[in-house]
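Enquirer:
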Amino acid sequence: MTGTEFFRSFGVPRSGGRNRGDENSGFAMKIVHGLRVSSLPIVGVARTARTCDESRSSMPRFLLCSLVALGVVLTGCGRRDPQVEFRWRFLGGQVLKAQTNAPALRDILLLPEAGPLAGPLARQLAGVWWSSGTADRELPEAAARDGASLTADLLNHLSVGEIVRTPGGAREFALALQLPAERAEAWERAWPAWIEAVHSAREGKAGAPSVVRRDPWVLAVSDATLLPPDTTFRRLAEYPPIAGALLQFEAHVPDFPAIRGAFVPTNGNVRLTATVRTSKSLPPLFPAWQLPTALREPIVQFSAIRGLNDWGQGWLNPTPWTGGAWPSEVFVWSQQGLALRTYLAARTDHPEQIVQHWFKRLESSFAPFSPAPLYLGRLIQETNPPRLIVTGGLPVAPVWQAYEDDGRKFLTFGLVPMAQATNPPAPEMLARLNRPTVLLYDWEFTSEAIKHWHALDQLPALFEGRQGILTDPGSRWLLAAAAKLGESVTEAEVAGEHEVSIQRKAPAGLTGLELTLLAKWLDPVPPMRLRPTNSSPAAVRK
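When you line the sequence shown up against my numbering, it's residues 17 to 558, in that order.
#1: To which residues does DSSP link L427 through a beta bridge?
#2: How do the segment 310-321 and the segment 344-353 stand: do at least 3 beta-carbon pairs fall below 8 Å, yes or no?
#3: Would you say A522 and T453 are within 8 Å of each other, going by their C-beta atoms?
#4: Taking buried to mean at least 16 other C-beta atoms within 10 Å of its own C-beta, is L455 buried or exposed?
#5: DSSP on P489, reduced to helix/strand/coil?
#6: If the criterion is Cβ atoms closer than 8 Å, does the pair A138 and A186 meet it?
#7: Less than 8 Å between C-beta atoms, sequence neighbours within five positions excluded: which residues of the same chain meet that for A471?
#8: How would you call N400, buried or exposed, if buried means at least 16 neighbouring beta carbons within 10 angstroms?
#9: Report the start-end ranges of each beta strand (DSSP E) in the segment 200-230 that is 3 residues or longer and not cut off at the edges.
#10: Between the segment 139-158 and the segment 208-225, do three or more beta carbon pairs fall short of 8 Å?
#11: So, at 8 Å on beta carbons, what are the nonlocal neighbours of H437 in its own chain, with the 5 sequence-adjacent residues on each side left out?
#12: In three-state DSSP terms, what is K521?
#13: Considering S463, what are the terminal residues of the alpha helix (DSSP H) in which it resides?
#14: Following a CB-centred definition, is P314 positioned closer than 7 Å to any heavy atom of the ligand NAD?
#15: Based on Cα-Cα distance, which residue from L133, A158, V505, K425 lies nearest to V346?
#16: Would you call the segment 104-121 in contact with the segment 266-286, where contact means no fewer than 3 C-beta pairs closer than 8 Å?
#17: At the level of alpha carbons, what is the spacing between T241 and G525?
#18: Taking the straight line between their C-alpha atoms, what separation do you get for G512 and A413?
#19: Under the three-state reduction of DSSP, which class applies to A65: helix, strand or coil?
#20: For P208, I'd like the list of residues in its chain whose CB is within less than 6 Å of its CB, leaving aside the five on either flank, ordered along the chain.
#21: Which residue or residues does DSSP assign as beta-bridge partners of Q115?
#22: Would you check if the distance between the CB atom of V227 and the CB atom of E178 is smaller than 8 Å?
#23: In angstroms, rounded to a whole number, what distance separates the CA positions of L531 and I466?
#24: Whole angstroms are fine: how far does the CA of A362 sit from the CA of K296?
#25: For Q372, report the span of its beta strand (DSSP E) as first-last.
#26: If you reduce the DSSP assignment to three classes, tell me which class I124 lands in.
#27: Run through DSSP, which three-state label would W342 get?
#28: What are the start and end residues of the beta strand (DSSP E) that includes L191?
#29: Cβ of W233 within 8 Å of Cβ of A202?
#30: Do you know whose CA, among L133, R105, P98, lies nearest K536's CA?
#31: For the segment 300-351, list the beta strand (DSSP E) runs that are entirely contained and at least 3 residues long, ordered along the chain.
#32: Would you say W331 and P273 are within 8 Å of each other, going by their C-beta atoms?
#33: Does A85 come out as helix, strand or coil in the three-state DSSP assignment?
#34: Please work out which residues of its chain come closer than 7 Å, Cβ to Cβ, to G223, disregarding the five sequence neighbours upstream and downstream, and give them in chain order.
#35: DSSP three-state call for E513: helix, strand or coil?
#36: Measuring alpha carbon to alpha carbon, tell me which of W374, I211, D473 ends up nearest T335.
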């Protein structure tokens, strides 16, 4: 069977399975996450519609949270001296909404649909800040209000800050913001209350927080003993700005690659340049890519990634996804038209083992293997060829399959049959991809990519028996923003024995996947769909 024939065979008869589940993570989320492998937290810039020419990077959820520097869920261990784990300079949302060098970014921030997101975004960032400072303790409502008022200012105003690891393993914070007088007074009240709540929620002792006004600056430190205000203010002032950068950041987190990057609006787009330092030596060159024959135009999104066993060693764990090592190459692409026509092909020597791995992971959550399945549909395992199918839950049939394509072994995944197409990929895209130093290449029409990722991101809720929601604030803004976004290109290349250069050019600085994740992060969990049942009321999930 050719690759094209395989993808055309995705149509599977549906049965009437009506089982439901109530977890917010699980099978359907794993499907979507599997399709996200090419968009690992990595960023960069491009030279033309499908070409790039700059350097350096970061990673999507990393970038999402680094917009105000409080969203990185940091890990690490104590040291003898406090160590800066994360440092940033952010010009603030007011500047982003006024700048003219990246009009698409400005326009999506000024959309009427963007207004209702301010509160949820501030609240979510306060929650991440709380978790990083308290080791994931529950956030009290009163503290949440204080934290959200502070993160709202971080989102809107110029700030320079850092997160440090104390000798005891806790995290402390130092921020300098340019604030109007009324907000400076609010910080004098809210900052001590917020930090005292953080300190009270975790083990160990900490010094008292401090707020110092040095007009137009407000300096706030969470531990004035560890971070003396005068010394800290000078250190923050010495963090050199990158010319034109809306946001610049650097991270030095134990057990993760060191990262340094900046977003700079240039010629109508936002370019991000960044570098990643790896612990493992990287091969200087890679062999030619082994593209699946099923990859045919017209496509609206294409991603390719390789070398994960080298540059992902120590921080990207393949075991949950493959049961062993990462595939040597992974390809994800979306066809024009139906939003669910997104496909994955991973080149690996043992695709049948990965199919079996996913069967073991999923069998306890599906009929007929589980007496109380968590998800709609039935899980079917076939052996010739090795294949795993979920059927009967929705008008799609997720399929994992091991297959050979011109003597090469692939693991494939898809939801619906592939549209028939014969044209090879665009030569200019292949020319950029086929350089021997390229680790990752991602090209998309962001407006179309958002439609695909947003549809895929509905699947977790739908397989759990929840409603598909298009009217929540995040979804409404995402779909309105999509119409204003054009092409985006991301590249990652080997730049040295321990260095990866990642570049991107994008209308708003983020890809369709990253924008979809941001919108999902801001929206509430969809409610369960009402279904006829003979069960007692207590057995019906809320």
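For glycine and all other residues, C-beta sits at the position ideal for the given N, C-alpha and C.
Keep in mind it's a predicted model, so treat the numbers as computed, not measured.
Expert: This is what the structure holds:
#1: A362, A418
#2: yes
#3: no
#4: buried
#5: helix
#6: no
#7: Within the same chain, A355, L356 come within 8 Å of A471 by CB-CB distance, once the 5 residues on both sides are set aside.
#8: exposed
#9: 226-230
#10: yes
#11: It is worth fixing the name first, because residue 437 is Ala in this sequence and not His. These residues qualify, in order along the chain: R312, E313, P314, Q351.
#12: strand
#13: 462-473
#14: With respect to the ligand NAD, the structure offers nothing, as it holds no ligand at all.
#15: K425
#16: yes
#17: 38 Å
#18: Rounded to the nearest angstrom, the two C-alpha atoms are 43 Å apart.
#19: Low confidence applies to A65: its pLDDT is 33, below 50, so where it sits in the model is not reliable, and the reading given next is rough at best. If DSSP states are grouped into helix, strand and coil, A65 belongs with coil.
#20: Closer than 6 Å at the Cβ level, and outside the excluded window around P208, lie P225.
#21: Bridge partners of Q115: none, in fact.
#22: no
#23: 8 Å
#24: 23 Å
#25: Unbroken run through Q372 is the alpha helix (DSSP H), 367-378; no beta strand (DSSP E).
#26: Three-state DSSP puts I124 in a helix.
#27: coil
#28: 187-194
#29: no
#30: Nearest option by C-alpha distance: L133.
#31: 315-322, 345-351
#32: yes
#33: Residue confidence is low: A85 scores 34 on pLDDT, short of 50, so the model does not pin down where it sits. Its coordinate-derived value is still stated next. Coil, per DSSP.
#34: D239, A240, T241, L242
#35: coil
#36: W374
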